[in-house]
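Asker: If you count the sequence shown from 1, you need to add 13 to reach this note's numbering. I have a structure I would like to understand better, so I am pasting it below and will then ask my questions one at a time.
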Amino acid sequence: KARAARRPTVQQWMKNYKVMRNRTWSATRPAHLPSPEIPEIRPIIASCVAWVTDTRPTFELVPAVAPFSPLWQFYDSLAADMKTAINAAWQAYLYELEVEKVVWDAYQYDVGWFKVVWNPALADGLGDAWIGRVDPVKLYPDPAANSEAEMNYIIEASEISLQELDRRFPGAAEKFQLQGYIENIDVMPNIRLGTASIPRANPGAISPATSPRYGLPGQSREHIAHDDQGVTLLECWLREHIHIPATKDSPERVLENWRCVCVAGPYILMNKRADEILPYRHHPFVRFCPEDLGEMFGQSMVELLTPAQLSINRILSSIEHHIDLLGNPPLLEESRAGIGRTMITNKAGQRISI
Numbered sequence: 014k015a016r017a018a019r020r021p022t023v024q025q026w027m028k029n030y031k032v033m034r035n036r037t038w039s040a041t042r043p044a045h046l047p048s049p050e051i052p053e054i055r056p057i058i059a060s061c062v063a064w065v066t067d068t069r070p071t072f073e074l075v076p077a078v079a080p081f082s083p084l085w086q087f088y089d090s091l092a093a094d095m096k097t098a099i100n101a102a103w104q105a106y107l108y109e110l111e112v113e114k115v116v117w118d119a120y121q122y123d124v125g126w127f128k129v130v131w132n133p134a135l136a137d138g139l140g141d142a143w144i145g146r147v148d149p150v151k152l153y154p155d156p157a158a159n160s161e162a163e164m165n166y167i168i169e170a171s172e173i174s175l176q177e178l179d180r181r182f183p184g185a186a187e188k189f190q191l192q193g194y195i196e197n198i199d200v201m202p203n204i205r206l207g208t209a210s211i212p213r214a215n216p217g218a219i220s221p222a223t224s225p226r227y228g229l230p231g232q233s234r235e236h237i238a239h240d241d242q243g244v245t246l247l248e249c250w251l252r253e254h255i256h257i258p259a260t261k262d263s264p265e266r267v268l269e270n271w272r273c274v275c276v277a278g279p280y281i282l283m284n285k286r287a288d289e290i291l292p293y294r295h296h297p298f299v300r301f302c303p304e305d306l307g308e309m310f311g312q313s314m315v316e317l318l319t320p321a322q323l324s325i326n327r328i329l330s331s332i333e334h335h336i337d338l339l340g341n342p343p344l345l346e347e348s349r350a351g352i353g354r355t356m357i358t359n360k361a362g363q364r365i366s367i
């Protein structure tokens, strides 16, 4: 239902993607017609992104204790250490690059998404907080919601390799035995590859090598899965709530929580409450729109500028085609001219015998 409701939006995203990469003319356009493409939109979007990301975020942490209390100095020192750790992570994990990607998405399409999670693979397996960009085409928010606060669910659907699946959920790749399982999800095109998805390969052992490390997942200590199909992972975040009855000391209240259910093929890989895997009860996605118009998806700058870009391209094409016709006009040949077997090139000063 979420994919069907978002289908017109995705179609517009595909157009924006092509316009940003100078693919405005149809593939069926005749080869003799000029097809000029002037990238007027890209420098405008690049300037907007540069302006938004010109100022880098700063972090300030203060202890939540009474000032000048005996614990103030201790917790103030912890806050200073935490600030140093956050700044170090910001630099080491290139969070500014993720912010730039999200801003590009917001201007190129009409929304950008952050994902804030705990990544256990960082810091040599000790784990660390991670702020990353999520491709908007992979996220399926509740179509009935106009903001994050109104969503009852949000689904991240992505095609990943079995290697990545086994890294996130140890042992999950063994369930598929290199067969893969691909759902019907939206995938952003790739102009460079000429295909919607990245091709994968299963090289196996190259003769005369017979190393067992080329075996199936789970046959060695190192889980290596050079898959050729991949698998579709559905990370579903569902909104829940429970009623807490009134007591002598507190009134009746509603406690809200989110639940994460990860599904790959017919298998449920995880079913946990948000507070069991995160330090909060909310889903990890954060929406960014340069202009929040009260809708889930904002207004794309590329979509607004595309008609003007297409007009410029068509005007230039008409001018260039007109020059071609004037400089090299069609040749009218009479059937009795006697030059039927002569290859004629439109060249200045040329003399033709008939």
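Backbone N, C-alpha and C fix where the C-beta goes; we use that ideal spot for every residue, glycine too.
Do W126 and V115 come within 8 Å of each other at the CB atom, strictly closer than that value?
Answerer: One-based indexing of the sequence shown puts residue 115 at position 102. One-based indexing of the sequence shown puts residue 126 at position 113. Yes, the Cβ-Cβ distance between V115 and W126 is below 8 Å.
Asker: Going residue by residue through the stretch 99-180, where are the continuous beta strand (DSSP E) segments of at least 3 residues, counting only ones entirely within it?
Answerer: The stretch 99-180 contains these whole beta strand (DSSP E) runs: 125-132, 141-147, 152-154, 166-173.
Asker: If you compare alpha carbons, which of Q86, P76, F87, V65 is closest to L110?
Answerer: As a working note, residue 110 is residue 97 in the sequence shown. If we check each option's Cα against that of L110, V65 comes out closest.
Asker: By how many angstroms is the C-alpha of I255 removed from the C-alpha of N165?
Answerer: Locating residue 165 in the sequence shown gives position 152, counting from the first residue. Locating residue 255 in the sequence shown gives position 242, counting from the first residue. Cα to Cα, the separation comes out at about 14 Å.
Asker: If you pair each beta-carbon of the stretch 29-49 with each one of the stretch 178-190, do three or more pairs fall below 8 Å?
Answerer: Segments in contact, no.
Asker: Return the CA-CA distance between M356 and I365, expressed in angstroms with no decimal places.
Answerer: Taking the sequence shown and counting its residues from 1, one reaches residue 356 at position 343. Taking the sequence shown and counting its residues from 1, one reaches residue 365 at position 352. Going by the C-alpha atoms only, they are around 10 Å apart.
Asker: Say whether chain C places a C-beta atom closer than 8 Å to the C-beta of M164.
Answerer: The structure shown contains no chain C; it holds only a single protein chain.
Asker: Could you give the distance in angstroms between the alpha-carbon of M201 and the alpha-carbon of V150?
Answerer: Residue numbering aside, residue 201 sits at position 188 when the sequence shown is read from its first letter. Residue numbering aside, residue 150 sits at position 137 when the sequence shown is read from its first letter. Going from the Cα of M201 to the Cα of V150 covers about 7 Å.
Asker: Look at the Cβ atom of P297, then the Cβ atom of V75, and state whether they are nearer than 8 Å.
Answerer: Here the question's residue 297 lines up with position 284 in the sequence shown. Here the question's residue 75 lines up with position 62 in the sequence shown. Not in contact: P297 and V75 (Cβ atoms no closer than 8 Å).
Asker: Rounded to the nearest angstrom, what separates T41 and R327 at their Cα positions?
Answerer: What you label residue 41 is simply residue 28 of the sequence shown in a count that begins at 1. What you label residue 327 is simply residue 314 of the sequence shown in a count that begins at 1. In a straight line, the C-alpha of T41 is about 16 Å away from that of R327.
Asker: Using the Cα positions of W117 and N203, report the straight-line distance between them to the nearest angstrom.
Answerer: Here the question's residue 117 lines up with position 104 in the sequence shown. Here the question's residue 203 lines up with position 190 in the sequence shown. Those two C-alpha atoms are separated by around 16 Å.
Asker: Determine the closest residue to L175 out of I195, E316, A157, with distance taken between C-alpha atoms.
Answerer: Along the sequence shown, one-based indexing puts residue 175 at 162. The candidate whose alpha carbon is nearest that of L175 is I195.
Asker: Whole angstroms is fine: what's the gap from Q25's alpha carbon to I332's?
Answerer: Locating residue 25 in the sequence shown gives position 12, counting from the first residue. Locating residue 332 in the sequence shown gives position 319, counting from the first residue. Going by the C-alpha atoms only, they are around 29 Å apart.
Asker: Using the Cα positions of P49 and E289, report the straight-line distance between them to the nearest angstrom.
Answerer: Translated into positions along the sequence shown, residue 49 becomes position 36. Translated into positions along the sequence shown, residue 289 becomes position 276. Approximately 56 Å, taken between the alpha carbons.
Asker: Does the Cβ-Cβ distance between C249 and V274 come in under 8 Å?
Answerer: Here residue 249 refers to the residue found at position 236 of the sequence shown. Here residue 274 refers to the residue found at position 261 of the sequence shown. A contact, by the Cβ cut-off of 8 Å.
Asker: Taking just the CA atoms, how far does I54 sit from L329?
Answerer: Counting from 1 along the sequence shown, the entry for residue 329 is found at position 316. Counting from 1 along the sequence shown, the entry for residue 54 is found at position 41. Near 16 Å, if we compare the C-alpha coordinates of I54 and L329.
Asker: The alpha helix (DSSP H) that contains D38, what's its start and end?
Answerer: Along the sequence shown, read from residue 1 onward, the residue named residue 38 stands at position 25. This sequence places Trp at residue 38; Asp is not what is there. Where W38 is concerned, there is no enclosing alpha helix (DSSP H), given that its DSSP letter is neither H nor E.
Asker: Could you check where the alpha helix (DSSP H) with V62 kicks off and where it finishes?
Answerer: To locate residue 62, count along the sequence shown from 1; it is residue 49. It spans 54-65 - the alpha helix (DSSP H) in which V62 sits, taken as one unbroken run.
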